[in-house]
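Student: Below is a structure I'd like to ask you about.
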Amino acid sequence: MHILVTNDDGVTAPGLLALARALRQVATVTVVAPDRNWSASGHVKTMHRPLRVWPTQIADGFPALATDGAPSDCVALAILGLVESPIEAVVSGINPHANLGHDVTYSGTVTAAMEAAISGLPGLAVSLDSPEGHPGPLDYTAAAEVAARLTRQILARPMPRGLLLNLNVPYGPLEAMRGIALTRQGLRVYRDALVRRDDPRGRPYYWIGGEAPTGVGEPDTDIGAVAAGMVSITPLQLDLTAHELLPEIERWGLGLGI
Ligand code: MN
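For what it's worth, the numbering used here labels the leading residue of the sequence shown as 581, then goes sequentially.
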């Protein structure tokens, strides 16, 4: 089996190193990752400039390819022929922060897995629910182990086409985890605030800042699960149609004179 490993924090990120090391116990691993941090870049397709690729290594000396493209570009490049031997699954991460609720459309980690789903391959996004303001380097050991075990399960069965899994792992040792929850997306509560300042030449610039997001911790959601110390697995698909609202919109009678 052959897995593509990528991330949105860049090819030098410790989360990518931990993930690649753990997945090498499961399958053949190819690493194609961005040369810089693309966190919160959303689902990108680079169309208006060329993409460059060059060989590099991750910190343990394992070979990797770095690109100046986004995480989703890395997946597209690899699947479209940059990587010669066929890829059977794409695993993205490990992101140093959780990707919960609405985060999934912002997240480069998750949108890399979305790109896999578009190409008909199973995608897995892996994020660590690290504590806010954690001092020193994060320990990715447990999250990497959970990701490896889940990847083994994914590779062992035919996955429905178009499905990706969003895995969020609580921070701490494996023994401290309170089990696995299959979840739906919860409701993220963003506390964004616009910061306006003047640059050294007196011209204004803007920065979207504010406090870290919180969320509504309903127990069957990703937010509720990680808050309860559980590993959260949310199955996602790219069909964003508001299926439940279709009958209501139908009643609007939108003839539009056409
Ligand atoms: Mn990130």
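We put the CB at the ideal spot given by N, CA and C, even for glycine.
(1) Would you tell me roughly how many angstroms separate the C-alpha atoms of residue 745 and residue 800, rounded to the nearest one?
(2) Comparing C-alpha positions only, which one of 683, 670, 592 sits nearest to residue 654?
(3) Can you give the Cα-Cα distance for residue 694 and residue 604, rounded to whole angstroms?
(4) Where do the ends of the alpha helix (DSSP H) carrying residue 655 lie?
(5) Determine the DSSP secondary structure at residue 582, reduced to helix, strand or coil.
(6) Distance check for residue 714 and residue 807, CA to CA, integer angstroms please.
(7) Leaving out five residues before and five after residue 785 in sequence, what residues of the same chain have Cβ atoms less than 8 Å from its Cβ?
(8) Within 10 angstroms of its Cβ, does residue 727 collect 16 or more other Cβ (buried), or is it exposed?
(9) Please enumerate, following chain order, all residues with a beta carbon closer than 5 Å to at least one heavy atom belonging to the ligand MN.
(10) Tell me, please, which residues DSSP counts as bridged to residue 626.
(11) Between residue 761 and residue 703, is the Cβ-Cβ spacing less than 9 Å?
(12) Is residue 650 closer than 9 Å to residue 626 when the C-beta atoms are compared?
(13) Using alpha carbons as the reference points, say which of 789, 797, 741, 613 lies closest to residue 765.
(14) Run through the DSSP bridge pairs and tell me what residue 675 is partnered with.
Tutor: Result, derived from the coordinates:
(1) Straight across, the Cα-Cα distance linking residue 745 with residue 800 is about 16 Å.
(2) 670
(3) 22 Å
(4) For residue 655, the enclosing alpha helix (DSSP H) begins and ends at 651-657.
(5) strand
(6) 17 Å
(7) 776, 777, 778, 779
(8) With 16 or more Cβ atoms within 10 Å of its Cβ, residue 727 is classed as buried.
(9) 588, 589, 619, 675
(10) According to DSSP, residue 626 bridges with nothing at all.
(11) no
(12) yes
(13) 797
(14) 707
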